[in-house]
Amino acid sequence: MKTLLVTLLFATSTMATAQTAPPLAEWRGISLSGAEWGDKRLPGIPGKDFQYPSVQSTAYYQAKGMNLMRLAFRWERLQPRLMGQFDAAELARLREFVDGTTARGLTVLLDPHNYAAYFDGMSEQRIGTPGVPIAAFADFWRRLAEVFKDNPRVQFGLVNEPHSLPTETWADAAQAAIDAIRGTGATQLITLPGNGYTGAWSWTESKWYGTANAEVMGRVHDPAGHLLIEVHQYFDKDGSGTKPECVSPTIGAERLERFTRWAREHGVRALLGELGGGNTATCAQAVQSALAHVQANRDVWAGWLWWAGGPNWGDYFMSLEPGADGRDKPQMAWLETFLPVKQK
């Protein structure tokens, strides 16, 4: 009887804990970097100028409860000539990672890490200019969607952090790419970044990147209704993510609040596609503040991705990639509250 009573009390306590724990975000993951490196040494030498993460390396993140891997790569390596065929060797490298990772049960968000530009061997040309017409961007996405349209665990991130072009031009390019993707019959999720490095904190107003995203990006639509706005947010003084210090313990939620209101008012949902911070007590609180905001506003926020993981980061202050000893980086502990509890 005593044993039964203890068992019942333990079960009741466990159920109460499960009932009071806030539901997790649908998507929880990391941006994996490395395949986009060597952007001025194209096509470059694999393993020297750039390196894809291994499929096996994703097991670490999957064991932590992450379910989404955002894979950065370069448009120019995959399509060396605009409107031309994909490079067979680069496509094979991309497919090896994507096919292997999705076979593990993870989802991969494709991330052409190009900032809405294409390097022609001499200079970067922005999408929407004579050197890189919008039709070329749409062609790239048509071809890429054709490759992966039958894999339901693949998502399409249009491009990383557009900047240095009119917001209206970027919106037109994004719409053309979405239409091209859907024209292949692909139905997977698409993520849509805004202009000006797609900062959440600058979404509703801008004095430096042109018309505010809030005034323009709402006109971009997905005929399949399977679209998330992708924003990025860091918590250092200028929001660039280049410095290890964070402004305050509450800056995480504070820099997301205006975007959250805008998204709710416009009936759109979002992905926090990049966040991170240096190993400080203030950054720990700032990051957890942001993730708590995402989790508390799940009508708007579909999930989050840490920046970054992947090979060859060394001592980069935001890398979560475990070292040779397999030990967690300090910031991994910050994320545990927002990842599934593993049953023993």
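Position in the sequence shown (from 1) plus 3 gives the number in our numbering.
Ideal Cβ positions, reconstructed from N, Cα and C, are used throughout, including at glycine.
The model shown is predicted, which means the values in this text are computed figures rather than measured ones.
- Annotation: L71 to N154 spans about 14 Å, alpha carbon to alpha carbon.
- Under the 8 Å Cβ criterion, the segment 250 to 257 counts as touching the segment 281 to 290, having at least three qualifying pairs.
- A straight-line Cα-Cα distance of about 21 Å links P247 and G32.
- Per the C-alpha coordinates, the member of G131, D175, E218 and F341 positioned closest to S292 is F341.
- By the neighbour-count criterion, in which 16 or more other beta carbons inside 10 Å mark a residue as buried, T170 falls on the buried side.
- Look at Q59 here: in three-state DSSP terms it is coil, with no helix or strand label.
- W173 has its alpha-carbon roughly 15 Å from the corresponding atom of P115.
- According to the DSSP assignment, F100 belongs to the alpha helix (DSSP H) that extends over A91 to A106.
- For a cut-off of 8 Å, the C-beta gap from G244 to G279 is around 6 Å, short enough to register as a contact.
- Contact check for G68 against P314 fails: the beta carbons are separated by 8 Å or more.
- Judged by beta-carbon spacing, A273 lies beyond the 8 Å limit of L338, meaning their Cβ atoms are not closer than that value.
- Counting only the Cα atoms, P226 lies some 40 Å from Y319.
- The DSSP assignment places 216 to 219 as complete runs of the alpha helix (DSSP H) inside the segment 196 to 225, in order along the chain (cut-off: 4 residues).
- Secondary-structure assignment with DSSP links A75 through a beta bridge to D114.
- The DSSP-derived three-state label of S251 is coil.
- The beta carbon of F100 is closer than 7 Å to those of Y55, P56, V58 and L74 in its chain, skipping five residues each way along the sequence.
- With respect to W310, W265 sits apart: the two C-beta atoms are not nearer than 8 Å.
- Taking C-alpha positions only, R77 is separated from A120 by approximately 10 Å.
- L259 and A28 have their C-alpha atoms roughly 16 Å apart.
- Taking all protein chains shown into account, H269 has fewer than 16 neighbouring C-beta atoms within 10 Å of its C-beta and is therefore exposed.
- For S34, the enclosing beta strand (DSSP E) covers residues W30 to A38.
- With a cutoff of 8 Å on beta-carbon distance, F140 and A92 are scored as not near each other.
- In summary, E208 is exposed, with fewer than 16 beta-carbon neighbours lying within 10 Å of its beta-carbon over all protein chains present.
- In the structure shown, R258 adopts helical secondary structure according to DSSP, grouped into three states.
- DSSP places F238 outside both helix and strand once states are collapsed to three, so it counts as coil.
- The three-state secondary structure of Q178, taken from DSSP, is helix.
- Here E233 is not near G188, since their CB atoms are 8 Å or more apart.
- When secondary structure is reduced to three states using DSSP, W316 falls in the coil class, being assigned neither helix nor strand.
- Using a 10 angstroms sphere on the CB of S126, the tally of other CB atoms stays under 16, which defines it as exposed.
- In this structure H229 touches T190 by the C-beta definition: roughly 7 Å separates them, less than 8 Å.
- For W40, the CB contacts under 6 Å within the same chain, skipping 5 residues up- and downstream, are F53 in chain order.
- Burial state of I48 is exposed, judged by a 10 Å Cβ sphere holding fewer than 16 other Cβ atoms.
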